[in-house]
Each structure stands twice: as C-alpha cells, then as structure tokens.
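Here's the structure, in structure tokens; my notes come after.
In the working numbering, the protein residues as written are 165 to 593.
Listed below in structure tokens is the structure:
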C-alpha cells in the first residue's frame with residue numbers, strides 16, 4: 165500500500181468503475197486505497213453519511229475524543245492496523261493504565277487479588293487443555309463460577325472481552341486471537357484517524373445496497389440511490405447486516421456461505437461516556453476499574469481519562485443487549501450507579517453530559533463485532549471465499565487471526581483488493 169503522503173487523486177466517479185466496494189468501514193477503505201494505488205478506479209458505496217463504519221469519534225460533545233466503537237489497536241506492532249497509524253502519521257499512545265478490581269463497591273484485598281489471578285490463569289489452562297482433546301468446546305461448560313470472584317473473572321473472558329456470554333463462546337475462536345497487550349490508543353481518537361486516512365477515497369453516501377448481481381458481463385449493484393456497474397465488487401458489510409437478507413445476490417450465495425453468515429453473529433458491547441461538572445472520582449487519571457455490582461452485574465471502566473473529570477463505562481453480552489432493549493438511558497443509569505457504589509453517591513448529581521452507544525440498534529452495524537458460534541471456528545475462512553469469481557468479501561469477520569479488531573478489517577481489505585486485482589489483470593472473457 166502507498167503511504168498517506170502519496171498523492172491519491174480520486175478518479176472521476178464514472179458510472180462503471182473497475183471495482184465497486186460496499187461499505188466505507190476500515191476494510192472498504194483499505195481495499196479502496198490499495199486499488200487506487202494500483203491505478204484502478206473505485207467507487208465505495210456507503211449507507212451512512214460518513215466513513216469509518218464501527219470506528220467513529222465524537223470530538224465535540226465531551227471536550228475530548230470519544231470513540232463510540234473501535235478505540236484501541238491491540239497487540240502492538242504485530243497488529244496490521246499499525247500500518248494505518250504510520251500512513252496517517254497519527255500519534256499512538258501506549259496504554260499504561262493500572263487495573264483496580266471491585267466487588268460490591270469494595271476493592272479486592274491483597275489475598276483476593278492473588279486468588280483472582282489464580283482463577284484467571286486456571287481458566288486459561290482449562291480452555292487450553294480442553295482444546296487438546298477436541299476441536300472446539302463451549303467456554304461456559306468449562307468455566308462454571310462458584311462465587312462472585314469467579315463470576316467476575318469469567319465475565320472478563322466472555323461478556324467484557326468478547327461481547328457474548330460464555331455459554332455462547334467458542335473456545336477455539338477465543339484462543340486463536342492474539343494477546344491484546346500491549347494496546348495503543350490514538351490521541352485524536354481512532355475513528356478520527358480513520359476518517360482522515362480515508363478522506364480521499366471516493367464514496368457515495370446515503371446509498372444502501374439492495375442487490376448484487378454478477379450473472380452478467382459486469383457486476384450490477386442496485387442501491388437506493390440508483391444502479392452501478394463494475395468489473396468486480398467487494399462486500400465489506402458486517403455479518404449481522406448480511407444475515408438480515410435485505411441484500412440480495414444473484415446468483416444466490418452458496419449454502420456454505422449462508423451458513424457461515426448464520427454462524428458468525430454479532431457481539432453485544434457498548435460504552436457509556438460520562439462527563440462530570442466537578443471532581444467526584446478519587447482515583448489516578450486513566451485508571452482501569454473492573455467491577456461486579458451488588459446486583460451481580462459486571463462492568464469495565466476507565467476513570468478520569470486523560471486527566472479529565474469523566475469516565476467511560478463498558479458493558480457486554482446479555483447485559484448490553486438488555487440495556488439496548490430498554491433504551492439508552494438504562495445503560496447510563498447503570499453506569500452512574502456502578503461508579504457510585506465505588507466512588508460515592510455525590511457522583512450522581514455531578515453528571516453534566518452522558519451518552520450510551522447502542523451498536524445493536526444501528527441497522528448498518530447490528531452489533532459490535534462478529535463472534536463464532538461454538539463448533540464453527542472455520543466459518544471465517546468460508547465467509548472470506550469469493551462468490552461467483554468477481555464478488556469478494558472482506559471485513560473483520562473474514563480474518564482468521566485478527567477478527568473482531570481493526571487489524572482484521574484492515575488485513576481483510578488488503579486481501580480482497582489483491583483478489584480483485586488478480587481478476588482485473590486476467591484476460592477479459
């Protein structure tokens with residue numbers, strides 16, 4: 165791929181580009197930039213009125229960058245998405261936050277911290293040992309909590325890490341993911357970086373794709389804003405969107421690909437941003453607080469991020485779905501109550517601004533990221549296979565290593581672009 169400094173000049177948005185790309189998230193933008201650098205004309209089609217997909221930064225509401233979706237680049241230099249940081253000349257900040265763990269409003273004792281570490285290590289050992297004996301296993305069958313400390317430790321495997329309950333989590337898919345540490349935040353916000361990085365890609369906004377037909381000499385793409393034809397197409401939509409059936413394909417997607425879509429549902433994971441009118445949290449800036457409330461609900465949080473009187477609270481799994489169903493205020497109420505248990509009730513009256521994300525209610529996302537149902541860890545590779553020679557699939561769900569992360573979306577976009585280039589360079593039929 166060319167560095168950001170290379171003069172990308174978007175080609176005239178002809179009716180028939182070489183490649184039509186469906187979705188202006190990280191995967192679609194990566195594919196577009198790669199194809200443009202190779203001298204091909206592209207047209208990205210995006211239902212929203214912005215680029216970035218599930219990477220979006222709100223830089224105005226709270227006075228600091230609030231990433232509604234993707235926030236970190238995990239795994240350090242090994243993460244493919246670090247290429248975006250370099251190309252965008254962005255400032256990556258190593259996460260050095262310390263973790264504090266609370267149960268029912270009280271921080272763990274030294275003895276409980278030690279026991280918590282043992283529980284976490286034993287959970288990893290159980291999963292690894294089980295996978296030596298069978299291709300896959302439901303994590304929830306291995307991790308059966310006996311007390312609150314185990315409940316919280318196990319929540320950090322499924323709901324707070326993967327966005328699904330352990331009873332829905334594939335051990336194979338979970339262990340295949342690289343370590344999250346070290347992880348980096350982006351000074352301007354990860355979504356803001358993506359928006360800058362993809363700014364020169366030609367995008368048709370407000371156009372929802374309803375049909376992709378590759379039976380003719382060209383791929384015909386029907387949208388709510390009209391029709392387009394291209395020599396090839398790249399589909400980068402989330403599996404939850406594909407699963408709705410609102411986008412038709414001709415010829416029909418294979419049974420194997422339809423099954424892959426069905427077995428890669430979307431996780432539930434949301435954030436609540438809170439801005440306080442005064443200092444009400446007595447804690448070091450940027451501290452990571454993980455907790456289990458008196459009502460046995462788990463959460464993760466970053467308090468006083470960048471030394472601001474604010475907090476970000478994270479919820480996942482069934483709990484996140486429940487809050488979405490109840491409306492955005494339910495998550496805000498929970499976040500305030502969870503922090504008040506730890507830092508005192510004075511916090512309740514100091515909330516100046518708040519916002520809860522609801523990715524599951526976003527029709528163009530339908531969730532946070534893809535997860536593999538137990539027993540179907542191979543479905544990511546199936547989803548990644550081309551359809552009818554000229555329709556290619558990308559997106560984090562198609563990456564076998566960095567799935568669920570920005571790095572997976574980026575790497576898959578590069579892969580799909582290479583596949584499209586191979587077709588474009590082949591002799592015309």
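Every residue, glycine too, gets a C-beta built ideally from N, C-alpha and C. Just so it is clear, the structure is predicted and the values come from calculations on it, not from any experiment.
Please list the terminal residues of the continuous beta strand (DSSP E) segment that includes residue 412.
412-414
Considering only DSSP beta bridges, list what residue 399 is partnered with.
186, 557
Please give me, in chain order, every unbroken run of the alpha helix (DSSP H) with length at least 4 that falls completely inside the region 243-315.
246-251, 274-297, 303-306
Given residue 331, which residues of its chain have a CB within under 7 Å of its CB, disregarding the five upstream and five downstream residues?
302, 304
Residues in its own chain within less than 6 Å of residue 524 by CB, not counting five upstream and five downstream?
432, 488, 531
Reduced DSSP secondary structure (H/G/I, E/B, other) of residue 483:
helix
Exposed or buried, residue 298, counting other C-beta atoms within 10 Å across all chains shown (16 or more means buried)?
exposed
Where in the region 478-555 do unbroken runs of the alpha helix (DSSP H), each at least 4 residues long, occur, reported from the N-terminal end onward?
482-490, 492-507, 543-547
Backbone CA spacing between residue 345 and residue 252 [nearest angstrom]
22 Å
May I have the straight-line CA-CA distance separating residue 241 from residue 443, to the nearest angstrom?
36 Å
Return the chain-ordered list of same chain residues with a C-beta closer than 7 Å to the C-beta of residue 384, the five sequence neighbours on each side being excluded.
377, 391, 393
Host alpha helix (DSSP H) of residue 337 (start-end):
335-340
Give the secondary structure of residue 331 by DSSP, where H, G and I count as helix, E and B as strand, and everything else as coil.
helix
Through-space distance from residue 354 to residue 539, alpha-carbon basis
33 Å
Since residue 574 and residue 244 should fall inside the 8 Å C-beta cutoff, what is the C-beta to C-beta distance between them, to a whole number of angstroms?
5 Å
Cα separation between residue 372 and residue 448?
45 Å
If you draw a straight line from the alpha carbon of residue 401 to that of residue 585, how long is it in whole angstroms?
20 Å
Using DSSP with H/G/I as helix, E/B as strand and the rest coil, what is residue 241?
helix
State the Cα-Cα distance for the pair residue 175 and residue 205, rounded to the nearest angstrom.
With a pLDDT of 39 at residue 175, under the threshold of 50, the modelled position of that residue is not reliable, and no figure is offered here.
Look up residue 570 in the DSSP assignment and say whether it is helix, strand or coil.
helix
Beta-carbon within less than 7 Å of residue 367's beta-carbon, same chain only, minus the 5 sequence neighbours each way: which residues are those?
188, 208, 210, 215
Grab me the residues of residue 403's own chain with a C-beta within less than 6 Å of its C-beta, minus the 5 sequence neighbours each way, in chain order.
425, 428, 534, 561
Which class does residue 437 belong to by DSSP, given the choice of helix, strand or coil?
strand
Check whether the region 455-462 touches the region 497-514, counting contact only when three or more Cβ pairs, one atom from each stretch, lie closer than 8 Å.
yes
How about residue 475 and residue 465: are their beta carbons less than 8 Å apart?
yes
Does the region 546-553 come within contact of the region 509-527, defined as at least 3 CB pairs closer than 8 Å?
no
Please work out which residues of its chain come closer than 6 Å, Cβ to Cβ, to residue 577, disregarding the five sequence neighbours upstream and downstream, and give them in chain order.
191, 194, 195, 558
Please report the distance separating the alpha-carbon of residue 282 from that of residue 572.
31 Å
Taking the DSSP output, what are the residues bridged to residue 565?
Answer by DSSP bridge pairing: none, since residue 565 is not bridged.
Expected contact under 8 Å - CB spacing of residue 541 and residue 300 to nearest Å
6 Å
Skipping 5 residues on each side, what residues in its chain have a beta carbon closer than 6 Å to that of residue 386?
374, 375
Quick one: using the 10 Å Cβ neighbour count with 16 as the cut-off for buried, is residue 166 buried or exposed?
The pLDDT assigned to residue 166 is 33, lower than 50, so where the model puts this residue is not dependable; a value taken from the coordinates is nonetheless given after this. Result: exposed.
In the DSSP output, what is residue 377 paired with across the bridge?
384, 414
Between which two residues does the alpha helix (DSSP H) carrying residue 326 extend?
323-326
Between the Cα of residue 477 and those of 439, 589, 250, 446, spot the shortest distance and give me the residue it belongs to.
439
Hey, out of 238, 273, 269, whose CA is closest to residue 258's CA?
238
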